[in-house]
Each structure stands twice: as structure tokens, then as C-alpha cells.
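Residue numbers (my numbering), protein chains in the order written: chain A, 1014 to 1126; chain B, 39 to 440.
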């Protein structure tokens, strides 16, 4: 798999395999399958670059992104998926005091972003 | 009297007809009560079964199982563009005509020019007319015109498809929605076509699920995880519209948002957590344009909630499958993002709301089990649970109607 990113974000290439996932259901599963340390590592690396990433991506129309831009978009959508576990749930992969999320069926879950 | 944001008085004073007494809990686990709800409520009112965007072109159709009425429906857009509804039952020997109506009707969409029963090949056109009967010459005076698919009253309002299982509905859809429909008139529902849809079967009575989404009292506890200290625990701007009602939720600025949350709010043009520049609210919603407004919820009796916010809306629907099983469908509708920043922000807000719904649904099954013990005979509703009180009263009225 091609894991290259634009040069200014190349230090994030190590996260592509694990986190550049086009469907929300994949991002959800990855959140549940990872350890708090893996999520935090990803969060700490991407979060400080988030504004720069978005500014760079905003040069492309959403429906016509080159592959490396698309990978970067998928990466930050994973950040959106896991940010609450770091910022709100003290590292817990799932929402504390909640319904079993594997019973929530997401009809849109396999849609490719 | 005009309710105001300041909430100067109790809702009980504004709506004295609702009373203040406790409500019997057996309405959520009595089989007799459930049978009455089935016959006298669900089979007599307009029920939302879809959005026009699900079947946008002529010949598009979807099937929707309606367990509470032991039926399955076909909703189809004809050559003329009109949407019609039919019971999904063959006139020959009663077989189901279109299959594949798994639990969540949201997914069962297709396109075709005829409905052909798999049992013996009877075929119906998109207007429900019986157009082909194999071995027709062997039938005895078969009247094709009297043996089309059985129609079900079907109409649309602002792109929402409703049906009424009463063969002779006492009101049209517009009259039924009344002031509740007028309140939401002008909201650009048709622009919110980026859809995120969830469903699950909750092991609880449909009203336990509905009630949990119909008050703001629970937010400080249930949403301590996803929205810590954010929402106001009081429902405001409550209005009754016949069997329907509306109320609004408000928030304070999040006391301590994390960096990703903060950036997401800043980039947001539509997010449950941060209203933004794609302003879309009709004058009737948050009329005083209070900046702390988050969303306005309209409960369409009996089982549908439409929540409009600035630049998005979301809905909940609660379909009884049995007395203690409920199909819940929770759907978030956004405009399509135009930039990566909007896309990111939308994803963050959408994910956070999904998480909040996981918190909401987390209480329901435990409530049902505990209630079924019969130990507690009544619900003690506070003033802010006025919309729950209203629903229980309206159900009583429907059941006691002759």
C-alpha cells in the first residue's frame, strides 16, 4: 500500500497503515482495537498539525483529492473518531456508562470518504 | 400566555390541563395497554416512514416493515413522480410481494417497473394495479380492478413521507401536523442530504426510549462523559400543538474543551455542539435568537422526534416490535461539506453525537427490567418532564376515544 504523504507531513506516514481508513465503520473498529497508548500516540502526533493539515487540504475540492491528500483526510477523520477518548473519556476506548456500541448498526458505516 | 426563554414560571402553570400527578408505570409493561396502543394509537395516526430523498426518481421504491401493525409496506414513486404506499401483500393468497424488508427499512431500496409476487407470479404496476396473472383463464370471474395491492394513505410534508394505516383517516397529514408542522415550516430539510443513520433493537417499551430523549433533566448525569457541564438541564420554549409538542435545549459554552473539540467548533458550520454560519432556522424556532440555543425538538405524536439545529437536523423514531422491544432509528442530517475543514468538523460533531446517543440508550434496558418488577407503581415527573407527561396524556385520550 502506498503510504506516502505530502513532504511537510511525512513524519505522519507511520500512522497511515493503522489510521488512514476511508469508512467510518473501519475507524470505529480501529478505535476499539487499539490500546490507549496507541490512540494517545496518534493523537499527540496529529493534533498539533491539525490546523496545518486542514489548511493544506483546503486547497483541493473534496471530491477530487489526489491520493496523498485523501490519505491525510482519512487520517484526520480518525482523529475526530478517537479525540473524545483522549479529551473526554480518560483513555477509555468506548463511551463510559453507555450502550453496547456494537449493537448500534450504522447504515452509512461502509460509505467511503 | 407566552412562554419565554427566561422560564418565569412552571410549565404546569402554563399547561394546567396536563396535571401534576404521578403517572402509572404499568403503561410500559401491561400487555392490555400495549394492545390498545397498537389498535387505537398506531393504527390511527400518521406515521413517518421515510424521506423523499430515499426514493428520488420514478420507479424507486422501498419496503418498510411496520411490526406494530403486523404489516409491511411498499412506498413507491410512480411515473408521475407521486409517492404511493401499498400493503406488501399479494391479492392471490396473501404472500408478501416484495421481499428483503429486513428490520431497518432504511436500507431496503430498489428500482423497478412492476412488483411480481414470487409465489405464483402475479404482477402489479407501480400504481398497485394488478396487471398480470399467469393462467388467468383458469380463475373464476377474477376482477382485476378489485384485486390490486391494498393502498395505504400516504402523503408527504417537507420531504418526510408519512402513512396512515387507518383505511379512512379522520384527518389529512397537514391538518394532523397542525401547528407543529407550521413551527418547522421554512427549515431547509431538503438541503441536508448528507445522512448518518443508526438503528438498533432496544429491549424496552417504546415509551421508555422515547421518554429518555424527551427531556433535558438527564443531561448533567447521562451526558457527563460527552457533554460535561455543557447543556442547560432545563427544557425551554415549550409549546403544545394538539397531540404534538416542541421544546428547546440550550447550552453554556463548554467549560474546558480539548484542543480537537475547540478547533472543530471553530471550523464548524454545522455541528450539534456549535451552531455556525449556515444559518437555517425559521423565525418560529428560537424566536428570540438566544445565542445559547442548541436545538429545538418537535415530538410528532406518537413516535417521531425532529430536532432542528442551526445548519443540521436529526431525528429519532421508536417503533414498537413488542411490548418490551423497540426498533430505534436515529438519523443525523447535514449539508454536504464544502471543504476539508467542514468535513473534519462535521465528523467530530457527528461522532460526538453518536457517543451521546450511546449514553442515552444506555439507561433504557435497565429501566425496563427494573420497572417490570412492578415494585414502582408510578413515575414521578418533574416540571421539566412536561413533554413526557403530555405524551402519556395524549395516548390516554386516543385509547379512550370511541
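Think of the CB as a built atom: it goes at the ideal place given N, C-alpha and C, for glycine as much as any other residue.
Between which two residues does the beta strand (DSSP E) carrying residue i extend?
| i | result |
| --- | --- |
| residue 202(B) | 198 to 202 |
| residue 1091(A) | Looking at the DSSP string, residue 1091(A) is not in any beta strand (DSSP E); the run it does join, the alpha helix (DSSP H), is 1080 to 1100. |
| residue 342(B) | 342 to 347 |
| residue 247(B) | Careful: residue 247(B) lies outside any beta strand (DSSP E), inside the alpha helix (DSSP H) at 244 to 250. |
| residue 1057(A) | Looking at the DSSP string, residue 1057(A) is not in any beta strand (DSSP E); the run it does join, the alpha helix (DSSP H), is 1049 to 1059. |
| residue 134(B) | First-last for residue 134(B): undefined, no H or E at that position. |
| residue 161(B) | 161 to 163 |
| residue 276(B) | 274 to 279 |
Can you tell me whether residue i is helix, strand or coil according to DSSP?
| i | result |
| --- | --- |
| residue 154(B) | strand |
| residue 220(B) | helix |
| residue 367(B) | strand |
| residue 195(B) | strand |
| residue 208(B) | coil |
| residue 75(B) | helix |
| residue 428(B) | helix |
| residue 1021(A) | helix |
| residue 259(B) | helix |
| residue 1118(A) | strand |
| residue 269(B) | strand |
| residue 1043(A) | helix |
| residue 1110(A) | coil |
| residue 53(B) | coil |
| residue 48(B) | coil |
| residue 1074(A) | coil |
| residue 439(B) | coil |
| residue 339(B) | coil |
Going by C-alpha distance, which of the options is nearest residue i?
| i | options | result |
| --- | --- | --- |
| residue 190(B) | 110(B), 292(B), 349(B) | 110(B) |
| residue 219(B) | 272(B), 201(B), 280(B), 235(B) | 280(B) |
| residue 363(B) | 177(B), 66(B), 48(B), 89(B) | 66(B) |
| residue 62(B) | 246(B), 402(B), 83(B) | 246(B) |
| residue 410(B) | 243(B), 50(B), 181(B), 165(B) | 243(B) |
| residue 148(B) | 383(B), 432(B), 93(B), 260(B) | 93(B) |
| residue 158(B) | 167(B), 151(B), 165(B), 172(B) | 172(B) |
| residue 51(B) | 326(B), 438(B), 420(B) | 420(B) |
| residue 302(B) | 435(B), 416(B), 271(B), 384(B) | 384(B) |
| residue 1066(A) | 1114(A), 1016(A), 1092(A), 1096(A) | 1092(A) |
| residue 368(B) | 353(B), 233(B), 134(B), 118(B) | 353(B) |
| residue 169(B) | 176(B), 151(B), 250(B), 179(B) | 151(B) |
I'd like to know whether the C-beta of residue i is nearer than 8 angstroms to at least one C-beta of chain A.
| i | result |
| --- | --- |
| residue 297(B) | yes |
| residue 309(B) | Because residue 309(B) carries a pLDDT of 47, less than 50, the predicted location of this residue cannot be relied on, and the following value inherits that uncertainty. Not an interface residue. |
| residue 347(B) | no |
| residue 251(B) | no |
| residue 57(B) | no |
| residue 247(B) | no |
| residue 107(B) | no |
| residue 202(B) | no |
| residue 393(B) | yes |
| residue 68(B) | no |
| residue 396(B) | yes |
| residue 162(B) | no |
| residue 258(B) | no |
Got a sec: is the Cβ-Cβ distance from residue i to anything in chain B below 8 angstroms?
| i | result |
| --- | --- |
| residue 1114(A) | yes |
| residue 1094(A) | yes |
| residue 1123(A) | no |
| residue 1028(A) | no |
| residue 1117(A) | yes |
| residue 1035(A) | no |
| residue 1025(A) | no |
| residue 1049(A) | no |
| residue 1086(A) | yes |
| residue 1064(A) | yes |
Looking at the unbroken alpha helix (DSSP H) that takes in residue i, where does it start and where does it end?
| i | result |
| --- | --- |
| residue 382(B) | 378 to 399 |
| residue 170(B) | Per DSSP, residue 170(B) belongs to no alpha helix (DSSP H); it is in the beta strand (DSSP E), 168 to 170. |
| residue 101(B) | Note, residue 101(B): premise wrong, no alpha helix (DSSP H); beta strand (DSSP E) at 98 to 104. |
| residue 92(B) | Unbroken run through residue 92(B): none, as it is neither H nor E. |
| residue 229(B) | Element bounds for residue 229(B): n/a, residue is neither H nor E. |
| residue 175(B) | Segment: none, residue 175(B) is in no alpha helix (DSSP H) and carries neither H nor E. |
| residue 405(B) | 402 to 410 |
| residue 298(B) | 297 to 305 |
| residue 1125(A) | Note, residue 1125(A): premise wrong, no alpha helix (DSSP H); not H, not E. |
| residue 1030(A) | 1029 to 1032 |
Going by the DSSP bridge assignment, what does residue i pair with across the sheet?
| i | result |
| --- | --- |
| residue 9(B) | This structure leaves residue 9(B) out entirely; chain B is present only between 39 and 440. |
| residue 122(B) | 114(B) |
| residue 86(B) | 200(B) |
| residue 240(B) | 364(B) |
| residue 61(B) | 417(B) |
| residue 182(B) | DSSP, once it has assigned bridges, lists no residue as partnering residue 182(B). |
| residue 1037(A) | Bridge partners of residue 1037(A): none, in fact. |
Under 8 angstroms between C-beta atoms, does residue i make it to chain E?
| i | result |
| --- | --- |
| residue 1080(A) | The question asks about chain E, but that chain is absent: this structure's protein chains are A and B. |
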